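Asker:
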Amino acid sequence: MNINRHSLFLLLAVAVSPCMHADMVFLKDGSQCNGEILSDGPDGITIEYFATATIKDQKTIARADIDRVEKVSPDLKAYEELGSLASPETLMDTSFLDPLLDQKIPEFMRSYPYSSKIEEVRGKIKVLEDERMRIRQGDRRIDGIWFTAAEIAADPYQSGARIKYLQMKSAANSNNPVEALRSYELLEKDFPGSEVMPDGVDGALKQLDLLQGAISSARFNGDLAEKNRAKAIAVAPADQAKILKEGVDRELNATKEFIKKSAADGSKFFPVFQNSKEALDDLQALVVAERTRLMQLQKTPMREGIAAAKECARLIKQGKLKEAQGQLALSQKLWPINIDNTKFKASLEQANKQPSPKS
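Here the sequence shown stands for residues 1234 to 1592, numbered as in the working numbering.
1. Could you pull out every residue in the same chain whose Cβ sits closer than 6 Å to the Cβ of GLN1445, ignoring the five residues on either side in sequence?
2. When the Cβ atoms of the region 1431 to 1448 are set against those of the region 1403 to 1416, are three or more pairs found closer than 8 Å?
3. First and last residue of the alpha helix (DSSP H) that includes GLN1583?
4. Buried or exposed, going by whether 16 or more other CB atoms sit within 10 Å of the CB of PRO1431?
5. With 16 as the cutoff for other CB atoms within 10 Å, does LYS1568 come out buried or exposed?
6. Considering only residues of the same chain and omitting the five flanking positions on each side of GLY1552, which have a CB-CB separation below 6 Å?
7. What's the gap between the Cα of GLN1473 and the Cα of VAL1481?
8. Using DSSP with H/G/I as helix, E/B as strand and the rest coil, what is SER1328?
9. Can you tell which of ASN1454, PHE1503 and GLU1479 has its C-alpha closest to the C-alpha of GLU1490?
10. Taking the beta carbon of PHE1506 as the centre, do at least 16 other beta carbons fall within 10 Å, making it buried, or is it exposed?
11. Leaving out five residues before and five after ASP1300 in sequence, what residues of the same chain have Cβ atoms less than 8 Å from its Cβ?
12. According to DSSP, is LYS1292 part of a helix, a strand, or is it coil?
13. With DSSP as the reference, label VAL1302 as helix, strand or coil.
14. So does the region 1271 to 1291 actually touch the region 1329 to 1340, counting three or more Cβ pairs closer than 8 Å?
15. Is it the case that the Cβ atoms of ALA1541 and SER1564 are separated by a distance below 8 Å?
16. Can you check which of these residues, LEU1548, ILE1294, ASP1298 and PHE1341, is closest to GLU1314 by C-alpha distance?
17. Please return the same chain residues whose Cβ sits closer than 7 Å to the Cβ of SER1580, not counting the five positions on each side in sequence.
18. If we ignore side chains and look at the alpha-carbon of each, how far apart do ARG1373 and ILE1570 end up?
19. Could you tell me how far apart the beta carbons of GLU1364 and LEU1330 are, in whole angstroms, since I believe they sit closer than 8 Å?
20. On the criterion of 16 or more Cβ atoms from any shown chain inside 10 Å, does ASN1585 qualify as buried, or is it exposed?
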């Protein structure tokens, strides 16, 4: 089948356009182009489309080639820009809700008061407002689970650790090993003696395996993309070749800047960038080093230490202080940094100071 360059452009524009709703230009040859119409004049239509998943380009289509045009209404475009109008499963602050409730939604309702989407938007405002009120009162939601301010205040260390661990699980469930490992970094840094640490270590090792797979795939796909890109640049007209080269340079520069930002935030991990062999090499070395370190940490009998600490707490409640002291000593031996060791030691010291009941 022969496809001329004009039709090839239109097929590409349809294939890579990421918009759910887009203006559509249907041509007489049966092809179509999706994107955003920038101008519509007697001589033709200028449309902006995605030449790749990240690079935009513009094209003017002659009026004589156009069969018909279907434009998306301005209110539907504006509604789509609002997003799903559902807050993320993890809410630690109001940074998602504030601009939506204070700026974006009010602006949409002022601009399009007769839109068919108005009632749908109004129905979701109450839910979003309630969620913002809870966050402002100190509650937090992690992976769909709400933690009240009272629960957090009762045991800030273990609550904080559980919140961070659930963030890690949420990222893992979203197939985002890099974000999961970044959450684990904070868990280990801020809550190294928490009861979720054993699960955190196990989970981090699984995410390292997934990240390793992503790196291997990126190497293969990156090499293939580089070859295809070189071929496309070689046969493209000078102006289009220039656009493609500039796009590649922008992506490489963005990669370097993102890695710098990750380091500045205190994290060793950064996303997989298949366009940068240097970044892939650095990430590969990090995966190997972290796997070795975490496998060694995994050998620490943390779960056994936690079990001994819980038994200590049970015995203290029963007034069996000698037996409780033995369990505390065992917990301290198995996993010295268990945060509960300090708490139960203080409880035992206080209990031993109490006078013995008179017979």
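Glycine included, C-beta positions come from ideal geometry on N, C-alpha and C.
Remember, it's a predicted structure, so these values are computed and weren't measured experimentally.
Answerer: Per the coordinate set shown:
1. Closer than 6 Å at the Cβ level, and outside the excluded window around GLN1445, lie VAL1520.
2. Inter-segment contact for the region 1431 to 1448 and the region 1403 to 1416 is present: three or more beta-carbon pairs are separated by less than 8 Å.
3. 1572 to 1586 is the span of the alpha helix (DSSP H), which, as asked, contains GLN1583.
4. Around the C-beta of PRO1431, 16 or more other C-beta atoms lie within 10 Å, and the residue is accordingly described as buried.
5. Checking the displayed sequence, the identity of residue 1568 turns out to be Trp instead of Lys. Residue environment: TRP1568 is assigned as buried (16 or more neighbouring CB atoms within 10 Å of its CB, all protein chains considered).
6. The beta carbon of GLY1552 sits closer than 6 Å to none of the beta carbons in its chain outside the five residues before and after it.
7. Each residue's Cα considered, the two are about 13 Å apart.
8. In the three-state scheme derived from DSSP, where H, G and I count as helix and E and B as strand, SER1328 is classed as coil.
9. Ranking the options by Cα distance to GLU1490, first place goes to PHE1503.
10. Classification of PHE1506: buried, given that the 10 Å Cβ count is 16 or more.
11. Answer for ASP1300: PHE1259, LEU1260 and LYS1261, listed in chain order.
12. DSSP places LYS1292 in strand when its eight states are reduced to three.
13. Strand, per DSSP.
14. Verdict: no, contact absent.
15. The Cβ atoms of ALA1541 and SER1564 sit closer than 8 Å to each other.
16. Of LEU1548, ILE1294, ASP1298 and PHE1341, the smallest CA-CA separation from GLU1314 is found for PHE1341.
17. Hits under 7 Å: ILE1549.
18. Whole-angstrom Cα-Cα distance: 27 Å.
19. About 6 Å separates the two Cβ atoms, so the contact holds.
20. Classification for ASN1585: exposed.
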